[in-house]
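Worksheet: the structure to be examined is printed underneath.
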Amino acid sequence: MKKALKGKKKSESLIHHSDRGVQYCSKEYILLLQKEHIQISMTQENHCYENAHAERINGILKQEFNLGVTFNTEQQALSAVCSAIKTYNQKRPHYALNLKTPDQVYFQKVA
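Under the working numbering, the sequence shown has 1506 at position 109, and the numbering climbs by one with no breaks.
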């Protein structure tokens, strides 16, 4: 966390969301977040499956779109993430959506 905070701008508003792992609930960690004025968000107690959907998407992005690598620059990482998310939402059919993309389903419901 300390390494990540080195690049944080003073005016930047951040939210830190985590499960209730012992490392995230430690007094030292909480004090660091508070000192940096970072809003703390945690899953509800005893809800171990609360983050399952987000973790599944993170896994897909890392495995299918090769986002589990180390990038040379922040711009390369940002470009790769934006491209992966666009493909995931606009071009990648999902079995759970009857082989439609999330965008197709979303805009069909909005129309």
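For glycine and all other residues, C-beta sits at the position ideal for the given N, C-alpha and C.
The structure displayed is predicted, hence computed values, not measured ones.
To the nearest angstrom, how far is it from the Cα of residue i to the Cα of residue j?
i, j, result
"Gly1456", "Glu1425", "29 Å"
"Glu1433", "Leu1402", "8 Å"
"Gln1472", "Cys1479", "10 Å"
"Phe1504", "Leu1428", "43 Å"
"Ile1412", "Gln1431", "11 Å"
"Arg1417", "Met1398", "16 Å"
Identify every residue that forms a DSSP beta bridge with residue i.
i, result
"Ile1412", "Gln1436"
"Lys1497", "His1491"
Taking the continuous alpha helix (DSSP H) assigned at residue i, which residues delimit it?
i, result
"Glu1452", "Ala1449 to Glu1461"
"Val1419", "Val1419 to Cys1422"
"Leu1402", "Lys1399 to Leu1402"
Does the segment 1452-1470 come close enough to the segment 1435-1443 that 3 or more CB-CB pairs lie under 8 Å?
No, the segment 1435-1443 is not in contact with the segment 1452-1470.
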